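Written out below as structure tokens is the structure these notes cover.
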Amino acid sequence: MTATGLIGQELILKALRRAWQRGEVNHAYLFSGPAGSGKETLALFFARLLNCHAAGESPCGECLSCRKISGGHHPDFYRLEPQGASIKIEQLRGIKEMLHFFPREGRKKICLIQDAEHLTLPAANSLLKILEEPPENLVFLMLSARPWALPGTVLSRCIQFHLRPLTPDQMALLLQREYPDLPAEEREFIIALARGNPGDGLAMAGQRGWEEKYAEAWSILDSIENGPAKEIWPRAEEISKREDLSTLLDLFALIYRERLLARLGFDGEQSIIKKRFGFYNKGKDSFSASPVFLEKISRSLLDLQGELLQNVNKRLALEVLFLQMRGAV
Ligand SMILES: [Zn+2]
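Numbering (numbering that gives the first Met the number 0) for the sequence shown: 0 to 328.
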């Protein structure tokens, strides 16, 4: 894979290349960012770069080393990931001895640690011991969505890079490259919904039908806000059972965010609502809602997304949300 695979992380790439070219590669790196932000893609880029036979600016992607790392069977490339809820000391012990040998085929031995925040304390301490006197050619590449949950002693040994969300233009570039036949309207919805997360954006591009999904979300919101009150309860029940509930809430959040921006006078050319206002005319009464109200609902939607991960009673939570949307609570 070449550097063009990594859109939007040029500063990090530059730092990694510089370290490699100057022979100043550290023994531990931490790549942080939410799921889908591209941490693993970036770590694999670096792992290939360090061992590529072509030794250029970017890994060639074609030499034996690049292909073995891509295929997950390079003898100098190790991967640790949670077994169950955590990464245990036994897992680290299992490879510790190997890490002290010279690389067999490559220049560097690489140990990629997925979800590094799940290292148990004994495992983190064992890692720390290695990092205190690291074998010369060993590099740890840690990935984490919650770097603050890692022990400070481990963090202090790492060079940390936080992956930034992509700008709308960068997301457009990524979608154009990976899904060149994606219709422009679909691309617009995905850029708005993915909020700079390349993994989410690509997953959405694989699904299609976002314009229809958006129209359906509008129609559901319209019935909740303006339909008969007694419909709220069966609607909450029905929607709570939907497999795409999280996506639907994302769409609600997008609609409320755009309403809020429109209400505050920031509805620029980027606004999907503005472009389609004629089509979604039915919801126009809600444009008179106050910014405070719109902000409150936007927050509730965000909270609910978080709560869904903790197995709350979905139906009850949706009832409360829908009553809020009607301005009843
Ligand atoms: Zn190569």
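Backbone N, C-alpha and C define an ideal beta-carbon position, used for all residues, glycine too. Predicted model only: the values in this text are computed from it and were never measured.
Whether residue i touches residue j by CB criterion (8 Å)
i, j, result
"Glu318", "Ala235", "yes"
"Lys38", "Leu142", "yes"
"Leu79", "Cys157", "no"
"Ala216", "Leu247", "yes"
"Lys212", "Leu173", "no"
"Pro167", "Ile190", "yes"
"Phe139", "His26", "yes"
"Ala202", "Arg186", "no"
"Ser297", "Arg256", "yes"
"Ile231", "Phe321", "yes"
"Gly93", "Asn50", "no"
"Ile11", "Leu41", "yes"
"Gly35", "Pro197", "yes"
"Leu127", "Leu91", "no"
"Gly32", "Ala144", "yes"
"Cys62", "His73", "no"
"Leu244", "Lys295", "no"
"Pro290", "Leu315", "no"
"Ala148", "Glu96", "no"
"Leu300", "Ala252", "yes"
"Ile129", "Leu154", "no"
"Pro102", "Asn136", "yes"
Residue i - DSSP class collapsed to helix/strand/coil
i, result
"Ile329", "Only positions 0 to 328 of the chain appear in this structure, which leaves residue 329 out of reach."
"Thr166", "coil"
"Asn225", "helix"
"Ala316", "helix"
"Phe265", "coil"
"Arg298", "helix"
"Arg16", "helix"
"Leu250", "helix"
"Val291", "helix"
"Ala153", "Note that residue 153 corresponds to Val in the displayed sequence, not to Ala. Looking at Val153 - three-state DSSP - the assignment turns out to be helix."
"Lys38", "helix"
"Leu308", "coil"
"Gly195", "coil"
"Pro134", "coil"
"Arg21", "coil"
"Ala54", "coil"
"Gly208", "coil"
"Gly200", "helix"
"Ala171", "helix"
"Arg325", "coil"
"Glu230", "helix"
"Phe278", "Its pLDDT being 41, under 50, Phe278 is placed unreliably by the model, and the measurement read from it follows with that caveat. Coil, per DSSP."
"Glu184", "helix"
"Arg258", "helix"
"Glu242", "coil"
"Arg47", "helix"
Beta-bridge partners of residue i, as assigned by DSSP
i, result
"Tyr178", "For Tyr178, which the question treats as bridged, DSSP gives no partner whatsoever."
"Leu140", "Tyr28 and Leu111"
"Phe160", "Phe30"
Measuring CB atoms only, is the stretch 102-112 touching the stretch 35-51, in the sense that at least three cross pairs come out at less than 8 Å?
yes
Every unbroken alpha helix (DSSP H) within the stretch 58-132, with a cutoff of 4 residues, ordered by chain
63-70, 88-98 and 120-131
Answer yes if the stretch 120-131 comes into contact with the stretch 57-70, meaning at least three C-beta pairs across the two stretches below 8 Å, and no otherwise.
no
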